[in-house]
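Line order of the protein sequences matches chains A and B. Each residue of the first sequence is one higher than the one before, starting from -17 at the first, in the numbering used here. Each residue of the second sequence is one higher than the one before, starting from 302 at the first, in the numbering used here. All C-beta atoms in this analysis are idealised placements derived from N, C-alpha and C, irrespective of residue type, glycine included. Only one structure is covered here, and it is reproduced in the block below.
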Amino acid sequence: MQYETVIGLEVHIQLLTESKLFSGDSAAFGGEPNTHVSPITLGHPGTLPRMNRKAIEYAVKLGLVLECDIARRNYFARKHYFYPDLPKGYQVTQHTTPICNKGRVWIKTSEGERSVQLNRIHMEEDAGKSMHDQDAYNSLVDYNRAGVPLLELVTEPDLHSAEEAAAFLTELRKTVRHLEICDGNMEEGSMRCDANISLRPKGETQLGTKVEVKNMNSIRNVRKAIDFEVARLTALLNAGETIIQETRSFDADKDSTFSIRKKEHAEDYRYFAEPDLTPFKITEAYIQQVRESVPLMPDQLFEHYTKELGLSEYDAQVISNDKELVRYYEALTRETKSYKAGANWLLGPVKSYCNDRQIPLDEYPLAPMQLAGVIELIEEGKINFSIASSKVVPYMMDNGGISAAEAAAKLNVVQDSDEGSILPLIEEVLQSMPDKVAEYRKGKKGLVGLFVGEIIKRSKGKADPKVVNQLLAEKLK
Amino acid sequence: MFSFKSIETYHQYLATHPDGCTIAVKYYLERIEENKHLNAYLEVFAEEALTRAAQLDSQRAAGKPIGKLHGVVISIKDVIAYKGHKVSASSRMLEGYTSLYNATAVERLLAEEAIIIGRNNCDEFAMGSTNENSAYGPTRNALDPDRVPGGSSGGSAVAVQADLCMLSLGSDTGGSVRQPADFCGIIGLKPTYGTISRYGLLAYASSFDQIGVFGKIIADLAMVLAVISGPDEYDSTALSNKQEINDLSILSSNTPPPRVAYFREAIEHPSLDPEIRYTLLQFIDTLQQDGAVVTEVPFDYLDFIVPAYYVLTTAEASSNLSRYDGVKFGHRGAAQPGDTLDAFYKKNRTEGFGKEVQRRILLGTFVLSAGHYDAYFTKAQQVRQLLVEKTTQVFQDFDALIMPTVPATAFRLGEKSDDPIALYLADIYTVFANLTGIPGISLPLFKHSNGMPFGLQVMTDRYQDPYLLQLSFNWLSRYQGVNLQG
């Protein structure tokens, strides 16, 4: 029988806020165990949560970009369960009333482009981390992560292959990185994904029994886990067996999954509205304010770069997909209108400089404004590209903060485009080689290069080749 | 011989007594020692209180201006966090636990130079109305040691009643300040929900809990309230507008005769002691004779309020007390090899919590569980909503609502300990203010023929705490000590 794969993803997105969702403790990743904690994080008697407004802003930001409906009246609920890494015995979550509803993510796969429907995005606090392998007799708990703000994004069961799931996560990761609300690092767990996978006979509309797979700490592993599960479930169905609802874990060493618990009955989390936090309203004005702070997204940037700035699709693609490049390029194009030249510089000399030294772009020694100065000098014909890249730029790197014009002047490399001083040189050169001139006139047009080279040489490299070419063409007519 | 009448007279006394604070603290330490049998204090911070008193005395001698509560000796219920001091909620669960921070209320008391002399006994986790649910033994009523002081803030009430401090803080989730005030013959105030930050108050039921004040004269309560109330960045449910309770002059000015409502069903309720009913009716007559408009208002929900209260508070309690699992702090039982995580939790919580706390956790877990949620929790929330609407209606036409505080006078020790339902039902008059968030006060106006005092409960609309204090001041000045039955 032919089966259709149905996948829904639950993605936990750890927000890059400085402090935790309900306390002033640092929300940074890592740190010595139990150093990012306070009585509030540890749920000590009498403590109360304090709302971190930044988390609301980030949630609304992502919601707007993913075309969600933003809930106007919001509150948190308590989700109850006992586990040592959950300090209060309940998790404070918007599970019952998400801040963002619906929405979609556009993905591109070998089958083309389509949107994946979202169910919701809600805010919640993370739990601490239990470690069972550090000590022979005890389990240890690190509460640094407890209370770190998360967004939980849940898709509809709207994905149908490992490839689609991977494309979805790639796109989502790109988006959260671009918005700078999450670093998207799946290895460190700042973006975590669970997949609900089920099969159903082709044409069937009802969903089959699902299996939930956890612990896939890279997009590659999500792909592998889904492929493995689909094959396993297909084999089971083909053998006439019944699929049981269960939670499975991905084993990255064996590229397979194993059962961690069977779900015989649904857990009862006894949700109710968190009485320690007042409900909060999101106004139209607030949404507008957040909307204005949302940067152009990669797709929008691509459009902008190709249609308005005239970049090639390739260059536009490369820049718009990299947050660092976008930032530099945006700053650069605020200073110069030579958009194409800017892209060429960025993807050429600048990028290779960084690659050679293995440094991130923000450590590139020239500020966008300085580089824009170099580009402007070239455009004005004051220096040429090879002088710029071999002399001016290195000189600027060695003399921090200096402008391109200053550098070119110091180096005495500013090109001469003054007709009055170039014309005599042309006369001189043409007179010095009358036979070549005659050959040229007979049709050996390639000789123009020789004349130009000689003229520039006699100008000690300073004559602007553009002006030389122009004047020479007239002279030789 | 030191004696305390009011903060105002005490501060006058201090002006002429360079070591006045020390004298006061020594006086209370002696009184506490003499009245140990009342078991009002779980711990007395004797050394520390003396040191602080000496400090304050020398500050005064150096001519430093004095704080609003300079040298005022205050005790706090054992559910309020005081940094570096034990706080146990009268529970084995928190035996030996030391608070890592100050409750906002404590912080503000200290900033105005109050002296915190000790922590008061109470019902475990503020659950109870007799103080018999303390893991450290019951507190006794100073007027009759065979009777209970009420609860859950029994220790704080007796501390004021028996002159073991000047004022005390309690907490009131369903009457835990007003009811013991009634049983002990003192004033007990529960302000509007959110008036005093709950940061540092060990939670019983978050949407009901409110710190309250015990004292003997209204001006003192008003002063303490003025100091500890107001917005707090650590409690989002604390009201954002600081109420104007600072101006004590309001307490002596003339006010127009109040429009007062009372619920017929409350006065006619079969559980109400006939003598209390008769006294109240007499009092209503007196008020009318004195120019007040007192009107009977129908109230159909009286029999729903105790069930709604217990469904909602136990639900919140079951959640709030989840953190006491023995992992990070609190009681941890002796682990046996091979214990599962479940066994670990069960041992810690079974050994750590007393019977009443366990009962309420179980009740609350039940009413929140799938299959029962709508029948209990949702229904009770609807009742609460109705009560809020009803309250708003009543206060459109009236300035105050009066009721008995408790249907009976102080119980005998052990009298009701086997009948939790009877005890729950005795909360019939106090839970209303917590369900609706309005302020309530119990005024020590009456005395029963059995020799025990009982109070008049007065409530006003939300945020009308200053008016409630004003009215209380007027009525106490006029009627305290007057034989109304007479």
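Neighbour-count burial assignment, residue 302 of chain B, 16 or more Cβ in a 10 Å radius: exposed
Ordered list of beta strand (DSSP E) runs contained in the region 525 to 613 of chain B, each at least 3 residues: 560 to 564, 594 to 598
Residue 322 of chain B, DSSP secondary structure in three states: helix
Interface residues of chain B facing residue 114 of chain A [CB-CB closer than 7 angstroms]: The contacting residues do not exist; residue 114 of chain A stays about 11 angstroms from chain B at best.
Closest by C-alpha distance to residue 64 of chain A, when choosing among B:505, B:710, B:620, B:736: Checking every option, the nearest Cα to that of residue 64 of chain A belongs to B:620.
CB contact below 7 angstroms: residue 258 of chain A versus chain B: yes
Proximity test, Cβ basis, 7 angstroms: residue 122 of chain A and chain B: no
Contacts that residue 531 of chain B makes with chain A (C-beta to C-beta distance below 9 angstroms): Residues of chain A passing the Cβ test: none, with the nearest at roughly 16 angstroms.
Span of the beta strand (DSSP E), counted from its first residue to its last, around residue 160 of chain A: From DSSP, residue 160 of chain A is part of no beta strand (DSSP E) but of the alpha helix (DSSP H) over 144 to 161.
Interface flag, residue 453 of chain B vs chain A, CB-CB below 7 angstroms: no
Buried versus exposed call for residue 183 of chain A [16 or more other C-beta atoms within 10 Å across all chains shown]: exposed
DSSP-derived helix/strand/coil call for residue 78 of chain A: coil
Any non-hydrogen atom of the ligand GDP closer than 6 angstroms to residue 178 of chain A Cβ: As far as ligands go, the structure on display features none, and thus does not contain the ligand GDP.
For residue 460 of chain A, the first and last residue of its enclosing beta strand (DSSP E): Since the displayed chain A opens at -17 and closes at 459, residue 460 of chain A lies outside it and no answer follows.
Residue 72 of chain A at chain B interface by Cβ criterion, 7 angstroms: It does: the Cβ of residue 72 of chain A has a partner Cβ on chain B nearer than 7 angstroms.
Residues of the region -2 to 30 of chain A with Cβ closer than 9 angstroms to any Cβ of chain B, in chain order: 20, 21, 22, 24, 25, 26, 27, 28, 29, 30
Candidates B:316, B:616, B:588, B:762, of which the one nearest residue 690 of chain B by Cα: B:762
Through-space distance from residue 567 of chain B to residue 708 of chain B, alpha-carbon basis: Approximately 9 angstroms between the Cα atoms of the pair.
Length at least 3, wholly inside the region 745 to 784 of chain B: the beta strand (DSSP E) runs in chain order: 754 to 760
Three CB pairs or more closer than 8 angstroms across the region 369 to 380 of chain B and the region 413 to 424 of chain B: yes
Closest residue to residue 747 of chain B among B:685, B:636, B:576, B:608 (Cα-Cα distance): B:576
First and last residue of the uninterrupted beta strand (DSSP E) at residue 101 of chain A: Counting along the chain, the beta strand (DSSP E) containing residue 101 of chain A begins and ends at 94 to 107.
Beta strand (DSSP E) segments (min. 3 residues) lying fully within the region -13 to 66 of chain A: 59 to 62
When A:204, A:290, A:185, A:431 are compared against residue 152 of chain A, the one with the closest alpha-carbon: If you compare the alpha carbons of A:204, A:290, A:185, A:431 with that of residue 152 of chain A, the shortest gap goes to A:204.
CB-CB length for residue 475 of chain A against residue 328 of chain A, believed under 8 angstroms: The structure shown does not extend to residue 475 of chain A, since chain A is modelled only from -17 to 459, so the question has no answer here.
Supposed contact pair residue 342 of chain B and residue 397 of chain B - C-beta distance, whole angstroms, cut 8 angstroms: Contact between residue 397 of chain B and residue 342 of chain B is absent: CB atoms are separated by about 17 angstroms, not below the 8 angstroms threshold.
Chain-ordered residues of the region 381 to 399 of chain B with a beta carbon less than 9 angstroms from chain A: 381, 382, 388, 390, 395, 398
Spatial neighbours of residue 132 of chain A in its chain, beta-carbon cut-off 6 angstroms, leaving aside the 5 residues before and after: Result list for residue 132 of chain A: -6, -4, 106, 108, in chain order.
Beta-carbon gap between residue 573 of chain B and residue 742 of chain B smaller than 7 angstroms: no
CA-to-CA distance, residue 208 of chain A to residue 190 of chain A, given in whole angstroms: 15 angstroms
Within 7 angstroms, strictly: CB atoms of residue 161 of chain A and residue 137 of chain A: no
For residue 341 of chain A and residue 506 of chain B, the rounded distance between their alpha carbons: 55 angstroms
Uninterrupted alpha helix (DSSP H) stretches inside the region 299 to 368 of chain A (no shorter than 4 residues): If we require 4 residues or more, the alpha helix (DSSP H) runs fully inside the region 299 to 368 of chain A come out as 305 to 317, 321 to 327, 333 to 339, 350 to 361.
CB contact below 7 angstroms: residue 763 of chain B versus chain A: no
Same chain, Cβ closer than 7 angstroms to residue 687 of chain B, neighbours up to 5 away in sequence not counted: 602
Proximity to residue 391 of chain B [Cα-Cα], best of B:340, B:754, B:409: B:340
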